[in-house]
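Undergrad:
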Amino acid sequence: MANFVKSWNSKVESVQFDWDSMEVGQVGNGTPQGGGYMMTVNGRINNNKDTKFTLGFPLKRNVNEIPEKLVIMQMQPIRILKGNLWDLYE
78 MANFVKSWNS
88 KVESVQFDWD
98 SMEVGQVGNG
108 TPQGGGYMMT
118 VNGRINNNKD
128 TKFTLGFPLK
138 RNVNEIPEKL
148 VIMQMQPIRI
158 LKGNLWDLYE
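This note's numbering numbers the first residue of the sequence shown as 78 and each following residue consecutively.
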């Protein structure tokens, strides 16, 4: 997972995950039956508390599923706090 985040930007030297932020929720896809479930976890980079990102792990069947295959999605790109605004990390 850390290598996946590092691949987004060459300036990323280390990745820290906030395991307390882990959530599983239902996601929609514009259809009545919905799009399944997604487990998300937040993190930051380079030990900088003013950075953040979110990873997602799709779950096909239910909230208690153990994925058959690990699929990682970028839910939110790396952002950095600049003043009062979260800007894209460059």
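For glycine and all other residues, C-beta sits at the position ideal for the given N, C-alpha and C.
All of these numbers come straight from a predicted model, not from anything done at the bench.
(1) With a CB to CB cut of under 8 Å and the five nearest residues on each side skipped, what residues in its chain are close to ASN124?
(2) Leaving out five residues before and five after PRO144 in sequence, what residues of the same chain have Cβ atoms less than 7 Å from its Cβ?
(3) Which residue comes first and which comes last in the alpha helix (DSSP H) that contains LYS83?
(4) Report, in whole angstroms, the separation of the C-beta atoms of MET78 and THR117, which I expect to be a contact under 8 Å.
(5) Considering only C-alpha positions, which residue in the set GLN103, VAL148, ILE122, ILE157 is nearest to ASN139?
(6) Assuming VAL155 and ASN86 form a contact by the criterion Cβ under 8 Å, report the distance between their Cβ atoms to the nearest whole angstrom.
(7) Hey, how far is the Cα of GLY112 from the Cα of ASN141?
TA: To lay it out plainly:
(1) SER91, GLN93
(2) PHE134, LEU136
(3) 79 to 83
(4) Not a contact, Cβ separation roughly 12 Å.
(5) GLN103
(6) This sequence places Ile at residue 155; Val is not what is there. Yes, ILE155 and ASN86 are in contact; Cβ-Cβ is about 6 Å, under 8 Å.
(7) Distance between the alpha carbons of GLY112 and ASN141 is about 16 Å.
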